[in-house]
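Let me begin by presenting the structure, written as structure tokens, before commenting on it.
Laid out in structure tokens, this is it:
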């Protein structure tokens, strides 16, 4: 047997390139990941030196952060380590993070016979410790000194090394045990609880500052002292709780005693400066839940202030993981970096760089204000609180106000207003009685429709004098950007002689409003050149007024999603001097009801505007079922099969009737039928009709705090258990087992033959079997819920039904916690945290909603589960391309989003790795990605594929290490000695390197450019730019759309490249692209539910077509069933969505239950379909015609729209006329065209 070895990748997280560490050799070399540890050992050494300088071995120290890159390690080994007698490596993170360094040290020890000690920084790691050259007992001794910490222990640590390895006679005592948790104030030093109680003013609020014990032991107190003083300036007392390890159960017990057994003293908030998470995956009784007070996260950054100030990323990947993403699991409110590392000296004695933490005063003051405002919510009476409820609005049309994805935002707002009133908030005398009435009130005042700016009443104004006073307090940098873009304030269309118009109205103390527009409607041309457009004067005035004049105590941005968190600026730990979100929105308590299946975009608000998410349930989900011609065809097919063996004459007539109806309904397009082969038609048709009927669609919208009822509840419960969960197989899977069906139903295609009789129903295909299983499962569930009766015939199904009744149903009913927890937050209380994702993808554990959701440990991306799916999906892509082109694909472009990456653990990135023939390597202990390996071609058994990623702005912000991992993999594959036919990455790398060199670039820079494979928006900017240009009709040709997309997307990312302008490189990638790919991981929405799909995939497809002059294959990956992913063309998916949802009477009836927002959903669907056509030419005339007939010419639906959202009537007829005018709807009948023109005039007349 011959083993085919994989090729090691050599990736290092946080690799910032080669460092040359200038340091003289020494007798002892101490390597540590902790600057506080290095500082403490350095102080200990200096003390020993003053006492025994002539006998003391020389000491050198280096932080492991500089020993990531292989060449850096090689140089340091040669220059310093080879001369050392003793090497101590205090390692945080295990072997895999420092694999090359550990291997180098072991190899060095074997060659030089030096003493080598590996000491794990936290928990014992015997795999690591055994690599030491000394007995484990010796390692344990040294570990005790370092783990306990402090100068005295560091002295004994050094003396222990002197005694045991240098044969010096020195006194060594065992490690001094230091309390794992103790209290400290800057007035009295270390204090007991009793001393603290007697020293504090019990009439003032008190905040606990949680910090690592090492900061105290290293005298690293400046940031905490500045933070403490900032709190005192806000009349808040503080006490520091220094802890060794907050994951230690005993420490947590003592912390809780400290917080709760405090006599008259009341702890109002915690400001936590520690990293990682306290909460474990199996935690059911969490300390923060019991304490019930807000936990604010103040970040001690591992970078220096200059890097933070000058960069647009905010914080390095290490900080994002340790100090942001993992603390979010605990429900901490993400603040800003209150401290940065500062190189204070190069110590002459140890020739080592000594780093300390310096305070960042503005952020300390921000955190103090944030604590003050949260405490104010605890102290202030509800009737006195001023709460702003802000509804998102995009595009800027009156038909599309209150845009919350999956949410009946207007109805949810009225539910919220009533809940506030019941909780004794002052809302005046009258409230809107429905969402539609609320929208009527909002449209009676000025909105983001510019035509209303000077024509409608404006009840709230912000004076120019107040505006100027506030404007000139912001940084010159931001002032200049605003003035450069927008000129003077009086140019703003929302400016009047009395001041700026603030859209919205007051209900007592509660402000209800729509969020101001982003600004592209005021300057349509900016979309072509300004992805980082500064907000308008009106935008500034709105948020200035909100805080300065209205003086909001709390802000609620209701529904996914607004635009504040997407304004230009750093990705995390924002700077109000340079970042618009931070400048506009200060330290206000911020609540954000957000759909649970979108962790990425919700996380953006958490990290950029200290939002507390209140996640809400997905809309009720249901089966699409059959209707109209589809139902007729289904009956005809059944009748045909019945007649085929009995009546040939009848069966022939049915063949003709079926064929004619298929052509009449244009289903031949969906099926790809070009011949008259009846057998082929019937097989494909039967499977497709089943697929359409079983498609999961939304049945209406969610209303915040309200659980679905009746049929919507039953259908949702079935949808939640259709896929396997952590506890059980899918509901149809277990029922199939009860019926002794051997096949895994979820793994089969609906068109596959499967002849079986189920309850007197003769099934001939998988689709028919699934339909019958769904029917029985639903029937049994209803019987069990209504009558508590379980059938003995279905024992395995019964297990799922019991789970549904006693667990899932309870969780769904607890949807009321959405309101409860929001009200608790408004009382200044802690909002419990919970996971996020798509519940119908087997994640019932996400429920109940109402939690402050968190996302994923970014260091695990892509997960092993995601990689298994990615491999399957990659194979399907290749197989489909070969089927259509007879050859392997060489190049592909994949649209990758941060949100789906968080939901799935990285399906898209895994797919990209699999296509290249690269596999991640996961650590054994925590399954985090530590490296990758390249799969040899002999094992891969196919050529590699050259993958280009177009990443979203949030992906760029959240996953910098994943970007670096991918780029490192690309570079590694490019250097392989493989044939160019089988390695197109190398093929293009060599060709483009040569091309760049001929253009005058040095070889190294030419190589770098030839390796660019990850592109995205300009640093600090977000999106693909197409929404505004299409909504504002600011384009003439598809070339215009391509220009916008390329301008917004042409920035290269990865390793040392953090968003460099690389539009020519991006164009080169487009020129060679054969496939454009986008994946969807769940069926809780579809591609006509969001503008992002057409912007990213449609935009990429159009850009490729215009750059290369021919169209790429545009594929859609259906990853909603992880075990059986599917790859189809985008055209196929558009047709499926059109038939299963867009014109489905069941969906239309569902949204009709929601008044204004229901008509909004119809208008949005049409807009997204139109935009897909604008970018891909994939929408057929019959689709426009079908929408026109169902939405606008159906008298019942037309009346619904007129009564609830007449602006939608105008906008939809206008959009359809635009499709005709642009030649996209190529052959409309004269009658329909006239009807649309009449409808447009009718709608315009109503809204005026």
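Residue numbers (this note's numbering): 586 to 1833.
C-beta: ideal position from N, C-alpha, C; glycine also.
These figures come from a predicted structure and were not determined experimentally.
Residues near residue i by beta carbon distance below 7 angstroms, same chain, minus five either side
i, result
"residue 1439", "913, 914, 1418, 1420 and 1421"
"residue 981", "1033, 1034, 1102 and 1106"
"residue 1038", "1031, 1078, 1079 and 1086"
"residue 718", "694, 700 and 701"
"residue 907", "860 and 861"
"residue 1389", "1302, 1306 and 1366"
DSSP state of residue i mapped onto helix, strand, coil
i, result
"residue 1092", "strand"
"residue 1106", "coil"
"residue 760", "coil"
"residue 1340", "strand"
"residue 1796", "helix"
"residue 813", "helix"
"residue 1178", "strand"
"residue 1728", "coil"
"residue 1041", "coil"
"residue 923", "strand"
"residue 1346", "strand"
"residue 1517", "strand"
"residue 1816", "helix"
"residue 1505", "strand"
"residue 1440", "coil"
"residue 788", "coil"
"residue 1087", "coil"
"residue 1382", "helix"
Counterpart residues of residue i in DSSP-defined beta bridges
i, result
"residue 1662", "1479 and 1700"
"residue 681", "In DSSP, residue 681 forms no bridge with anything."
"residue 615", "646 and 673"
"residue 1206", "1283"
"residue 1601", "1636"
"residue 793", "824 and 855"
"residue 944", "924"
"residue 1711", "1703"
"residue 931", "938"
"residue 978", "986"
Cutoff 8 angstroms; reference residue i; Cβ partners in own chain excluding five residues on either side
i, result
"residue 1835", "Not covered by the structure: residue 1835. The range shown for the chain is 586 to 1833."
"residue 1378", "1323"
"residue 1565", "1571, 1572 and 1575"
Cβ-Cβ separation, residue j to residue i (assumed contact under 8 angstroms), whole Å
i, j, result
"residue 1608", "residue 1538", "7 angstroms"
"residue 955", "residue 881", "6 angstroms"
"residue 960", "residue 821", "7 angstroms"
"residue 920", "residue 952", "5 angstroms"
"residue 677", "residue 618", "4 angstroms"
Residue-chain proximity (residue i, chain E), Cβ-Cβ < 7 angstroms
i, result
"residue 1155", "Given the protein chain composition of this structure (a single chain), no chain E is represented."
Nonlocal neighbours in the same chain, by C-beta distance under 6 angstroms from residue i, ignoring five residues either side
i, result
"residue 1655", "1688, 1689 and 1692"
"residue 1668", "1281 and 1705"
"residue 1786", "1744, 1793 and 1794"
"residue 1189", "1150 and 1539"
"residue 911", "861 and 862"
Per the contact definition of three or more C-beta pairs closer than 8 angstroms, is the stretch 1436-1450 in contact with the stretch 1219-1229?
Judged by Cβ distances under 8 angstroms, the stretch 1219-1229 makes no contact with the stretch 1436-1450, as fewer than three pairs qualify.
Given 8 angstroms as the limit, is there contact between the stretch 1346-1353 and the stretch 1406-1415, that is, 3 or more CB pairs closer than that?
Judged by Cβ distances under 8 angstroms, the stretch 1346-1353 makes no contact with the stretch 1406-1415, as fewer than three pairs qualify.
Taking one C-beta from the stretch 1164-1178 and one from the stretch 1058-1074 each time, how about it: are there three or more such pairs within less than 8 angstroms?
Short answer: they touch.
Inspect the CB distances between the stretch 812-827 and the stretch 781-801 and report whether three or more fall short of 8 angstroms.
Yes, the stretch 812-827 touches the stretch 781-801.
Should the stretch 983-992 be regarded as contacting the stretch 1143-1163, the criterion being three or more beta carbon pairs within less than 8 angstroms?
In this structure the stretch 983-992 lies against the stretch 1143-1163, because at least three pairs of beta carbons, one per stretch, are closer than 8 angstroms.
Three or more beta-carbon pairs under 8 angstroms between the stretch 1241-1261 and the stretch 1170-1184, yes or no?
Output reads no: the stretch 1170-1184 does not touch the stretch 1241-1261.
Would you call the stretch 1729-1742 and the stretch 1702-1718 in contact, with 3 or more CB pairs under 8 angstroms?
The stretch 1729-1742, when compared against the stretch 1702-1718, does not touch it at the 8 angstroms Cβ threshold.
Is there contact here, the stretch 1317-1332 with the stretch 1279-1293, by at least three beta-carbon pairs under 8 angstroms?
The count of Cβ pairs closer than 8 angstroms, one atom from the stretch 1317-1332 and one from the stretch 1279-1293, stays below three, leaving the stretches out of contact.
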